[in-house]
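Before any comments, here is the structure.
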Amino acid sequence: MERTSASPLILIVEDERRIARLIELELVHEGFSVMLAGDGITGERMAREQEVDLILLDWMLPGMDGIAVCQAIRKKKNVPIILLTAKDTTSDKVAGLDAGADDYITKPFETEELLARIRAALRKGRHREELRIADLLIFPEERRAFRAQQEVELTTREFDLLHFLAKNVDKVVSRDAILETVWGYDFEGETNVVDVYIRYVRLKVDEPFTTPLIHTIRGVGYVLRSS
Ligand code: CA
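In case it helps, my numbering puts the sequence shown at residues 69 to 295.
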């Protein structure tokens with residue numbers, strides 16, 4: 069399927085083929101590109117392997133249900149997820165949102181409502197502040213970082229340090245500048261705390277991958293390089 073930047077790719081995970089086909093026709097008609105998965109395991113794999121812009125995820129699926137799929141995707145990706153569900157009790161909605169879904173829509177639904185929610189979720193995804201440096205992706209508001217589409221678990225201080233380096237991408241920042249920004253002006257401890265934390269961040273952000281992003285500039289400080 070031909071894909072342009074103007075045509076967001078939507079993954080539909082739905083085991084009822086008739087419903088999946090109907091949604092697909094509507095979305096293609098609206099100019100979206102569409103991929104279909106007929107069960108949760110396939111859906112989770114496609115979400116992981118493909119660069120999709122949004123996922124429509126049915127709750128009741130054979131094998132792996134929508135909640136489990138949603139949780140698995142959330143560990144890896146920040147893509148907007150809309151749950152499709154026949155369940156509409158409050159606790160079900162809370163469970164869906166707790167699992168990491170951005171929105172849910174109750175079956176049966178009007179096509180217009182589905183399209184409106186898709187547009188809203190795509191807008192929200194676009195407006196979210198993000199920093200992209202090579203294959204590193206940082207969402208400052210959510211305090212989450214991903215490298216090569218895998219979430220990097222960072223402590224508060226580690227995140228602040230990485231975020232500061234990312235905001236100054238390709239610029240060398242001194243230890244003092246890092247100390248002042250990440251630890252605050254009143255910091256009284258050892259200045260080598262910066263080097264210690266750089267080591268922690270490197271272990272998580274650089275070491276598992278082939279290309280290091282954080283570089284030491286001897287006698288000056290550190291730089292996060294985009295290439
Ligand atoms: Ca179903």
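Beta carbons: idealized from backbone N, C-alpha and C, even for Gly.
None of these values were measured; they are calculated from a predicted model.
Listed in chain order, the non-local C-beta contacts of Ile-201 below 7 Å within the same chain comprise Ala-234, Val-237, Leu-281, Leu-292, Ser-294, local neighbours out to five positions each way being set aside. Counting along the chain, the unbroken beta strand (DSSP E) around Phe-207 starts and ends at 204-207. Inclusion of Ile-173 and Ile-149 in the CB contact set at 8 Å is not warranted, their separation being larger than that value. For Lys-145, the number of other beta carbons within 10 angstroms of its own is at least 16, and it is reported as buried.
For Gln-217, there is no enclosing alpha helix (DSSP H), as DSSP marks it with neither H nor E. By the Cβ neighbour-count rule, Pro-276 is exposed, with fewer than 16 other Cβ atoms within 10 Å of its own. In this structure, the straight-line span from the alpha carbon of Arg-142 to that of Ala-245 is close to 34 Å. The Cβ atoms of Asp-121 and Leu-190 lie closer than 8 Å to each other.
In the DSSP secondary-structure assignment, Thr-153 is bridged to Thr-174. Not one heavy atom of ligand 1 lies closer than 7 Å to the C-beta of Asp-160.
Beyond the five residues adjoining it in sequence on each side, Val-241 comes within less than 8 Å, by CB distance, of Phe-232, Leu-233, Gly-289, Tyr-290, Val-291 in the same chain, given in chain order.
Between Val-147 and Ala-115, the gap from beta carbon to beta carbon is short of 8 Å.
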